[in-house]
Amino acid sequence: MKMPIPDAGTIVKRSEIIKRLRAIVPGEGVIVDDSELRTFECDGLMAYKQLPMVVVLPQTTEQVSQVLKACHEMGVKIVPRGAGTGLSGGALPLADAVTVGLGKFNRVLDIDYENRCVVAQPGVTNRAITDAVEDEGFYYAPDPSSKIACTIGGNIAENAGGMHCLKYGLTTNNVLGVEMVLMDGEVIRLGGKHMDAGGLDLLGAVTGSEGLLGIITEVTVRILKQPDTAKALLVGFPSVEAGGKCVAKIIGSGIIPGAMEMMDKMAIGAMQKFVDSGYPLDVESLLVVELDGPEAEVEYLTERVREIAQSVGSTFIRVSENEAERQQFWKGRMSAFPSVGRISPDYLTMDGTIPRHKLPEVLTRMNELSAKYDLRVANVFHAGDGNLHPLILFDANVAGELDKAEAFGHDILKLCVEVGGVLSGEHGIGVEKRDLMGEMFTEDDLKQQQRLKCAFDADGLLNPGKVFPTLHRCAELGRLHVKDGKLPFPDIPRF
Amino acid sequence: MSDIFKPENDRQVLDAIRWAVSGNGKVLEVMGQGSKRGLGRAQNADNVLDLSGLSGITLYEPEELVMTARAGTPISEVQAALDEANQMLAFEPWSPQGLYGMDGGTVGGLFASAVTGPRRPLAGSARDHMLGFHAVSGRGEIFKSGGRVVKNVTGFDLTKLMAGSMGTLAVMTDVSFKVLPKPEKARTVLLFGASDPGQAMRDAQNSPYEVSGVAHLPAGVAARSSVSYVSSVGAGVTAVRVEGPGPSVGVRCEALRDLLSGYGAVEELHTTNTVSLWQEIRDVSYFSGDRQLWRLSVAPTDGPAVSEKLEGEHYFDWAGGLIWFAMETTDDANADQVRGLLKGGHATLMRASEAVRTRVPVFQPQADGVAQLMKRVRAGFDPHNILNPGRM
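Protein chains in written order, with the numbering used here: chain A, 9 to 503; chain B, 377 to 768.
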């Protein structure tokens, strides 16, 4: 993984930069000592580490604006950071960049039940939004596994997903508005408590832009009323194919469960060893299906899912009898990562999406790759929407294994693209999948994306080295290749 | 001398755009069937790029809940295919009949204008259902974004940007979008002469009963409904739609009747009438004709107060968050007054004469910083302003 070569001219100016930042954010808000900077050296993608040049922790939108303005004037790069839980290295520091941490933006500003929304600062955690409204029976739907720690600002930057996205949508479907600061310090507002954009949908473009377009300083998200009841089913199958068929039949019959997760034998074993969730060990694949809504609906759909499961040859079915049991069923799946951490010194989390019916083919070929690389792989899978999380097990202390695991991972993602899927379903591109973008996009596709960046950040100072394998200069991107007056009248049917 | 180009493949779309890019001041009006030509600033482009030759559903996998179609595919063809598999476009796009007097429309036009109906608060908008596209930019380059899967964060989400861009950024040639199963059953709880319709709508919207439409028709509008339960009451009618599996719909309707009975008398509509009523609400049939028509998107709590100051006829959708407002014709459609009432949100002039649509901005003018940003974004796609120039 190559990061852009740090700019020596910037590093030389470090003390000047620190001075300017201190004039904006007083006291402990500017972090410069190596021992303290260490805390920020990586995000959830821990294979890559880099000490930031400086970390600044502003507390107000005005401070963020001034920090960006100052850095813009000095030509200094910026790396935005929420809680640093991202899995693709989007918040990986750069040696010549100021990391702007939003941790102090931690207040819920407005809870508006009548309009079903919450206005919060970006450093508020995902879970804290639900905590703030659950007494009134509301919740915030997108639920990434890191919800206790990850921030809502980071969720928007990454367009975070989670188990309940199948029915309730990703972050992008649940954000109503943002206030954000552009690289030149300008503060803009997009959206609000109303729905849809009045012009171009910039809010949609900003969501999932991985910190390359601006720094979000306030968010408005939609909250939903908690469903009356929820039940979970555990359904085991003698083959992965049967599990896949069950998923297709459930959705094909018009049922959209609140969540539908699948895991393979290796993952089931690891989870059940970590926490007793009642998972059967003698099945090849296991589904956790959650149905939510009014009690009558949940009862009715539970029976239909049971019938479908039996019709495709399930060998194990359990329906949660009460809330405690429902939670127990989820415990294993929720602890997928630590469980796998228990059976292997290290693991890489992959995140591709495929058309669901390609699952058996992809799993078969993944097993072939596993044999080829001589590395084990455990699979957890947001089955309803085709989002795969293969966990590649390896030992970083064995020379060459990390490289081997990465190569294996890249092959898996290429396979996802080959069968009609995409490189990332919810974790983002960051640095992790940056160099694979060419697998999915042509040079022209990528250039058009970068022209969007140019509109927000013409000097390419925000989070460079992320998402795009090559960052072109905006002047070059703006050039047109069609020369004046050279093309004849087009040869097209006309009337 | 104006030409209508009717390309039959992507290459010809590219040629037409490159030709326009290479000439001084040549512009193209991008069009499907022209069914929504009345939306946006009036065009006086010298050439038309007619996409109706790019037609056909290229991929439909009902179990994967996905369809891909060429941009010029008639909506009726998509609808027929979906009906056969008992599926639907869940964002419930309106048919242009009630607004512009012309039926039809194409897939490209549907997503380019981000048409969205009553199910919006529950199911999302066109922008939430569009998964990916292929296009030719106003620079004369073929590009794509997104994909055919629902969960996708690979690169910037240009798909969102394209939805609702009115063909001003690029010419889409193919669109992939999400489709969903039709609900087993649909019913509507009606509330007559509600004492506080705004609050009643929000109570229904914010209940746990997963309502799929919450509208309020003032008495004068309700009287024009084709559903006699609605037109015959002589009072305002609040309508709450419930969809889903049979047993669930029954239980939820009952709960909603309990919830709303404090506001006035309640009644229930069965399937056929439910379909008719929501089609009227969706297609703005009550305001067909040629009165000037506004569409206001606001916070639901702002809806009732805003509506009180509107001189004309209106009704609410989206639990008060959407106001359809018809008024007698004036030179500027009272644009400043209408927009002056908003504390947030946006107002779109959905119908007015060409002259009026040239004089006043059809889409909500943006704050300065955002307007500049949009201009820069647009320049990245169509630097010479050759695609539907000025339409937004």
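We put the CB at the ideal spot given by N, CA and C, even for glycine.
As the structure is a prediction and not an experimental result, all values here were calculated from the model.
Taking V609 (chain B) as the reference, give the member of B:V616, B:A598 and B:A615 with the closest Cα. B:A598
Beta carbon proximity, H202 (chain A) to chain B, threshold 9 angstroms: yes
Local conformation of F464 (chain A) per DSSP, three classes: helix
Distance check for S661 (chain B) and K77 (chain A), CA to CA, integer angstroms please. 51 angstroms
By a C-beta neighbour count over all protein chains shown, 10 Å radius and 16 as the cutoff for buried, is L117 (chain A) buried or exposed? exposed
Per DSSP, the bridge partner or partners of A591 (chain B): B:A615
Quick one: what's Y691 (chain B) bridged to in DSSP? B:W700
Excluding the 5 residues preceding and the 5 following P497 (chain B) in the sequence, name in chain order all residues of the same chain whose CB lies nearer than 8 angstroms to its CB. Q581, V590, W694, A695 and G697
Chain B contact residues for C462 (chain A), given Cβ-Cβ distances below 8 angstroms: R752 and G756
What did DSSP end up calling G399 (chain B) once you bin it into helix, strand or coil? coil
Just checking my contact of Q457 (chain A) with L537 (chain B) at CB under 8 angstroms: how many whole Å lie between their CB atoms? That pair is no contact at about 10 angstroms.
Could you pull the start and end residues of the alpha helix (DSSP H) that D411 (chain A) belongs to? E409 to E426
Opening and closing residue of the alpha helix (DSSP H) in which I259 (chain A) lies: V248 to G260
Count the other C-beta atoms from every protein chain shown that fall within 10 angstroms of the C-beta of D143 (chain A), then say buried if there are 16 or more, exposed otherwise. exposed
Range covered by the alpha helix (DSSP H) that runs through Q335 (chain A): E331 to M342
What residue range is occupied by the uninterrupted alpha helix (DSSP H) comprising L537 (chain B)? L534 to M538
For E619 (chain B), count neighbouring Cβ atoms within 10 angstroms of its own Cβ and tell me buried if that reaches 16, exposed if not. buried
Going by beta-carbon coordinates alone, are V746 (chain B) and L399 (chain A) separated by less than 9 angstroms? no
Reduced DSSP secondary structure (H/G/I, E/B, other) of H646 (chain B): coil
Indicate the three-state DSSP secondary structure (helix, strand or coil) for F345 (chain A) in the structure shown. helix
Among B:A418, B:A755, B:D422 and B:P450, which one has its Cα closest to the Cα of I433 (chain B)? B:P450
Give the range of the alpha helix (DSSP H) segment to which D550 (chain B) is assigned. From DSSP, D550 (chain B) is part of no alpha helix (DSSP H) but of the beta strand (DSSP E) over A546 to K554.
Are the CB atoms of V189 (chain A) and G222 (chain A) nearer to each other than 9 angstroms? yes
Please state the DSSP three-state secondary structure of N134 (chain A). helix
With a threshold of 8 angstroms, are at least 3 pairs of Cβ atoms found where one atom belongs to the region 146-158 of chain A and the other to the region 500-513 of chain B? no
Backbone secondary structure at H80 (chain A) - three-state DSSP: helix
Shortest alpha-carbon distance to G514 (chain B) belongs to which of B:W395, B:S673, B:V714 and B:V613? B:W395
Note down, in chain order, all residues in the region 370-400 of chain A with a beta-carbon under 8 angstroms from any beta-carbon belonging to chain B. H390, D393, G394 and N395
Contacts around L672 (chain B), its chain only, beta-carbon distance under 6 angstroms, and the 5 residues preceding and following it disregarded: I699 and A723
Mind listing which residues of the region 690-703 of chain B have their C-beta closer than 8 angstroms to chain A's C-betas, in chain order? W694, G697 and L698
Using the C-alpha atoms, what's the distance from V385 (chain A) back to M274 (chain A)? 7 angstroms
Report the residue from B:R767, B:A755 and B:L458 whose alpha carbon sits nearest the alpha carbon of L488 (chain A). B:A755
Where V674 (chain B) and V87 (chain A) are concerned, what is the direct C-alpha to C-alpha distance, given to the nearest angstrom? 35 angstroms
9 angstroms Cβ cutoff met for E194 (chain A) and P676 (chain B): no
Considering just the uninterrupted stretch of the beta strand (DSSP E) at C125 (chain A), what are its terminal residues? C125 to A128
From R658 (chain B) to A488 (chain B), what distance separates their C-alpha atoms? 18 angstroms
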